[in-house]
Every structure is written in structure tokens, then in C-alpha cells.
Amino acid sequence: AGVHDLIDEVAQASGATVVVVTHNEALAERMPRRLVLKDGRVSA
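Here the sequence shown stands for residues 1068 to 1111, numbered as in the numbering used here.
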């Protein structure tokens, strides 16, 4: 398992919220919720 899988497992087991900041679209698509920063504004 990769680092991202491990972080996901720990977050789910503990009920913690994890904030991931990435330019990797494949990783972002794995997240249950995405917020996108575009032109300096956050959009859901």
C-alpha cells in the first residue's frame, strides 16, 4: 500500500478529517469531497 492508502486507512479507522492539497487529478478523484481553488476562489 502506498502512503495515500495508509493515510486513508488511518483517517477512516480514527474518524479523523484529512486535508489533502494536490495537483494530482487521480489522487483528487479518490477523495470523498473536493474543493477547487480557481482564480483565487474556492468552489465545491
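Glycine is no exception: its CB is placed at the ideal position from the N, C-alpha and C atoms.
The beta-bridge partner set that DSSP reports for Ser1110 consists of Val1103. In the structure shown, the three-state DSSP call for Val1077 is helix. Judged by DSSP secondary structure, Ala1083 falls outside any alpha helix (DSSP H); it is assigned neither H nor E.
Between Ala1111 and Leu1102, the CB-CB gap stays under 7 Å.
For His1071, the secondary structure class from DSSP, reduced to helix, strand or coil, is helix.
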